[in-house]
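**Q**
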Amino acid sequence: MRVSEMIERYGLKVEAGEGGLDREVRAGYCGDLLSEVIANAAAESVWITVQGHQNIVAVAILREFAAVVISSGNKPDKETMDKANAEGIPLLSWKGSAYELVGKLFSEGLG
Amino acid sequence: MNRLRRTYPVRHGDFIHAGEASIHVKNTLKSLSYCPDLVRRVAICGYEAEMNLVMHGGDGVLTVVIAADEIRLEVADTGPGIENTELAMQEGYSTARDEYREMGFGAGMGLPNMKRNSDEITVDSSPGQGTAVTMVFSVGGRCP
Ligand SMILES: Nc1ncnc2c1ncn2[C@@H]1O[C@H](COP(=O)(O)OP(=O)(O)OP(=O)(O)O)[C@@H](O)[C@H]1O
Ligand SMILES: [Mg+2]
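Protein chains in written order, with the numbering used here: chain A, 1 to 111; chain B, 1001 to 1144.
Written out as structure tokens, the structure is:
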């Protein structure tokens, strides 16, 4: 599934990084502890987190994530959006809880 | 292949640029066609060491030496140093301030991640003497 399809299907909002909407999503990971995420998430994951600060973009680039979803009504900082735009890393937001979104993604076969 | 050596200054407290040196190293290794698994491990280790410098250490330098048989990553800072490096290596041990914990740091997983993802790690540090973390990654013949 492409990031753009995921956005449509689940009603996610694009906050930044539109240049990367064609990326393929092949896995998923949910977590708010950066060291835990960087060590355990698979490449090409969609990463669901409550963190909205600029360091999430570095993690996403280093692990080649497809997109980052900021959940629970949180929003990325301005610096985070600037960085994501420059790097073409899709930053999406989701009003509901991480639990809800992960449940949907997982039940549709995203590992 | 000749040895390639690059150094990147990294600044304490600079969360905006934190991670950029590791991203550059990762892109370099990728463009040199190193195995994806090796590139991933170097990226994780570089990031963790860089973040430790930014959060706990002082100004410093990340150095990478790229050779055909091994990659060497050294992150050295002039910060306060570590009192007990053995304790610091334990999973879950962290002195991160609350504001950093709120940002998702301070799980005490950085050094354990570096240990797990490198083939050799040395932490050279004492109070007042700064910290130097050196990691070596051996380059196998074939990608696993
Ligand atoms: N460069 C450094 N200078 C001073 N102290 C350090 C440095 N690197 C690590 N430490 C000390 O070692 C502890 C453990 O480091 P480690 O990277 O494992 O965890 P953390 O940085 O606290 O949390 P996490 O990496 O999970 O975000 C730190 O909390 C800090 O006390
Ligand atoms: Mg750390």
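Ideal Cβ placement from N, Cα and C applies to all residues, glycine included. Please read all numbers here as calculations on a predicted model, not as lab measurements.
What are the start and end residues of the beta strand (DSSP E) that includes proline 1009 of chain B?
**A** 1004–1010
**Q** Could you tell me if cysteine 1143 of chain B is buried or exposed, where buried requires 16 or more neighbouring beta carbons within 10 angstroms of its beta carbon?
**A** exposed
**Q** For lysine 1026 of chain B, return the contacting residues in chain A, with the cut-off set at a CB-CB distance below 7 Å.
**A** Leu62
**Q** By how many angstroms is the C-alpha of arginine 23 of chain A removed from the C-alpha of lysine 95 of chain A?
**A** Whole-angstrom Cα-Cα distance: 22 Å.
**Q** Establish whether the CB of asparagine 85 of chain A and some CB of chain B are separated by less than 7 Å.
**A** no
**Q** Of the residues A:Glu5, A:Leu21, A:Gly19, A:Cys30, which one's Cα is nearest the Cα of glycine 103 of chain A?
**A** Between glycine 103 of chain A and the set A:Glu5, A:Leu21, A:Gly19, A:Cys30, the nearest pair of CA atoms involves A:Cys30.
**Q** Does any residue of chain B bring its CB to less than 7 Å from the CB of glutamate 36 of chain A?
**A** yes
**Q** Indicate, with yes or no, if ligand 2 has a heavy atom lying under 6 Å from the CB of glycine 1092 of chain B.
**A** no
**Q** Would you report the Cα separation of glycine 1110 of chain B and methionine 1055 of chain B, rounded to the nearest angstrom?
**A** 12 Å
**Q** Hey, quick one: how far does the alpha helix (DSSP H) through valine 1039 of chain B stretch, first residue to last?
**A** 1036–1055
**Q** Within 10 angstroms of its Cβ, does asparagine 1113 of chain B collect 16 or more other Cβ (buried), or is it exposed?
**A** Per the 10 Å Cβ criterion, buried.
**Q** Just the Cα atoms here: how many angstroms apart are threonine 115 of chain A and serine 1031 of chain B?
**A** Here chain A covers residues 1 to 111 and nothing more, so residue 115 of chain A does not appear.
**Q** Looking only at its own chain, which residues have a Cβ that is under 6 Å from the Cβ of alanine 98 of chain A, when we skip the five neighbours before and after it?
**A** Cys30, Ile48, Ser71
**Q** Identify whether tyrosine 29 of chain A lies in helix, strand or coil by the three-state DSSP scheme.
**A** It is a strand residue.
**Q** Can you find the residues in the same chain that come closer than 7 Å, C-beta to C-beta, to aspartate 1037 of chain B, ignoring five residues on each side of it along the sequence?
**A** Cys1143, Pro1144
**Q** For valine 1025 of chain B, which of helix, strand or coil comes out of DSSP?
**A** Judged by DSSP in its simplified three-state form, valine 1025 of chain B adopts helix.
**Q** Output the boundary residues of the alpha helix (DSSP H) element that contains valine 57 of chain A.
**A** 55–62
**Q** Does serine 39 of chain A get closer than 7 Å to chain B when you measure Cβ to Cβ?
**A** According to the sequence as given, residue 39 of chain A is alanine; it is not serine. Chain B places a beta carbon closer than 7 Å to that of alanine 39 of chain A, counting this residue as a contact.
**Q** Could you tell me which chain A residues have their CB closer than 8 Å to the CB of serine 1031 of chain B, listed as they occur along the chain?
**A** Residues of chain A passing the Cβ test: none, with the nearest at roughly 14 Å.
**Q** Report back the beta-carbon spacing between valine 46 of chain A and alanine 66 of chain A to the nearest angstrom; my notes put them in contact at under 8 Å.
**A** 6 Å
**Q** Using a Cβ-Cβ cutoff of less than 6 Å, which residues in the same chain neighbour tyrosine 1100 of chain B once the five nearest sequence positions on both sides are dropped?
**A** So the list reads Met1055, Gly1106, once near-sequence residues are dropped.
**Q** With a cut-off of 5 Å, give the chain-ordered residues whose Cβ is closer than this to any heavy atom of ligand 2.
**A** B:Asn1052, B:Gly1110
**Q** Tell me whether isoleucine 1016 of chain B sits in a helix, a strand or coil according to DSSP, three-state version.
**A** In this structure, isoleucine 1016 of chain B counts as coil in the three-state DSSP scheme.
**Q** Give me the subset of the region 24–35 of chain A whose CB atoms are less than 9 Å from a CB atom of chain B, sorted by chain position.
**A** For the region 24–35 of chain A, which is checked against every Cβ of chain B, the residues closer than 9 Å are Gly31, Asp32, Leu33, Leu34, Ser35.
**Q** Nearest to glycine 20 of chain A by CA position, among A:Val57, A:Phe106, A:Leu101, is which residue?
**A** A:Val57
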